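This report refers to the structure that appears directly beneath it.
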Amino acid sequence: QQQVKQSPQSLIVQKGGISIINCAYENTAFDYFPWYQQFPGKGPALLIAIRPDVSEKKEGRFTISFNKSAKQFSLHIMDSQPGDSATYFCAASIVDSSYKLIFGSGTRLLVRP
Amino acid sequence: DTAVSQTPKYLVTQMGNDKSIKCEQNLGHDTMYWYKQDSKKFLKIMFSYNNKELIINETVPNRFSPKSPDKAHLNLHINSLELGDSAVYFCASSSIAGSEQFFGPGTRLTVL
């Protein structure tokens, strides 16, 4: 019940295309769903996050769509750029009580020029 | 100024040795974490500390011993290193448990 399942494992997109990464969770107590971006040799960095009281959050070219009933959330990267090539992790936690993030298995995104 | 820093960046050592990784955060956060990232990039929590107190020990072998001398520091000491300990270890911190976590640059540990 603590798992967060992420797909696909890898993704290749042409420059200007839309990248979509999906995650699913089981624990309905989760109330914080961040996406992290990790470049080779660097630590993960928060990209965007959502709480379950909204169904969508947009920041620039990055959008999280959240479906509470289906227990799924996804990251959409619009107008994907070669500089977006990185590994993306979804995660989930319970704010104020769970002292950890449960991470998905990661998606390696390659954006071709 | 680096928010979360770790030293060393790389650590290469022989099996059976003891080594330490240091972590410092200058964000004023109360909660600090250690995560392990394996060769398949999977990130897993090892320990969580809140106000210098151990909160989570996620079934990590006793050879791993975290120490928090103050709220800004969380060090990781590893005894009797094994081949399977080879991984990248990340320190992180957050102001509120379960909320946005800021990660350090990682320490790549290679056990030969």
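Protein chains in written order, with the working numbering: chain A, 588 to 700; chain B, 61 to 172. Ideal Cβ placement from N, Cα and C applies to all residues, glycine included. Being a predicted model, the structure only gives us computed values, none of them experimental.
Legend entry - C-beta contact flag for B/A35 and B/Q97 at 9 Å: Residue 35 of chain B lies beyond the range of chain B shown here (61 to 172); nothing can be said about it.
Inset, instruction - Could you work out which residues of chain B lie near A/Y612, taking near to mean beta carbons separated by less than 8 Å? - result: Near A/Y612 there are no residues of chain B at all, since even the closest Cβ is about 14 Å away, more than 8 Å.
Inset, instruction - Measure the CB-CB distance between A/S667 and A/V698 and report whether it falls below 9 Å. - result: A/S667 places its beta carbon less than 9 Å from that of A/V698.
Inset, instruction - Throw me the rounded Cβ distance for the B/G144 and B/Q66 pair, which I believe falls under 8 Å. - result: With a contact defined as Cβ atoms closer than 8 Å, B/G144 and B/Q66 miss out at about 21 Å.
Inset, instruction - Would you check if the segment 673–690 of chain A and the segment 67–76 of chain B touch, i.e. whether three or more CB-CB distances between them fall below 8 Å? - result: These segments do not touch.
Inset, instruction - Could you tell me whether any non-hydrogen atom of the ligand GDP is closer than 8 Å to the CB of B/G166? - result: No copy of the ligand GDP appears in this structure; indeed no ligand is present at all.
Inset, instruction - Identify every residue that forms a DSSP beta bridge with B/E84. - result: B/E84 is bridged to B/S65, B/H133.
Legend entry - DSSP state of B/L103 mapped onto helix, strand, coil: Correct three-state label for B/L103: strand.
Inset, instruction - Determine, using beta-carbon pairs with one atom in the segment 82–90 of chain B and one in the segment 645–658 of chain A, whether at least three such pairs fall under 8 Å. - result: By the Cβ criterion, the segment 82–90 of chain B is not in contact with the segment 645–658 of chain A, since fewer than three pairs of Cβ atoms, one from each stretch, lie closer than 8 Å.
Inset, instruction - Take B/N110 and list the residues in its own chain whose beta-carbon comes closer than 7 Å to its own, dropping the five residues that flank it on each side. - result: Around B/N110, the same chain offers D90, T91, A157 as residues with beta carbons nearer than 7 Å, after the five sequence neighbours per side are excluded.
Inset, instruction - Kindly indicate if chain B contains any beta-carbon less than 9 Å away from that of A/L696. - result: It does not; no Cβ of chain B falls within 9 Å.
Inset, instruction - Could you list the residues in the segment 86–99 of chain B with a C-beta less than 9 Å from some C-beta on chain A, going in chain order? - result: Those would be T91, Y93, Y95, Q97, in chain order.
Inset, instruction - Quick one: which residues of the segment 639–660 of chain A get their C-beta closer than 9 Å to a C-beta of chain B? List them in chain order. - result: So the list is empty, because no residue satisfies the distance condition.
Inset, instruction - Run the CB neighbour count on B/M106, radius 10 Å, all protein chains shown included, and call it buried at 16 or more, exposed below. - result: Around the CB of B/M106, 16 or more other CB atoms lie within 10 Å, so the residue is classed as buried.
Legend entry - Contacting residues, own chain, Cβ-Cβ under 7 Å from B/D130 (five flanking each side not counted): Taken in chain order, the residues that qualify are K112.
Legend entry - 9 Å Cβ cutoff, A/A632 in contact with chain B: Chain B, which has a Cβ nearer than 9 Å to the Cβ of A/A632, makes this yes.
Inset, instruction - Express the C-alpha separation of A/P631 and B/F163 in angstroms, rounding to a whole number. - result: Whole-angstrom Cα-Cα distance: 6 Å.
Inset, instruction - Could you name the residues that DSSP lists as bridge partners for B/I115? - result: Its beta-bridge partners do not exist; DSSP assigns none.
Legend entry - Reference A/A678; option with closest CA among A/P700, A/L634, A/K645, A/E643: Nearest option by C-alpha distance: A/L634.
Legend entry - Contact residues within the segment 674–685 of chain A, judged by C-beta distance below 7 Å to chain B: Within the segment 674–685 of chain A, the residues whose Cβ lies closer than 7 Å to some Cβ of chain B are T674, F676, S680, I681, V682, D683, S684, S685, listed in chain order.
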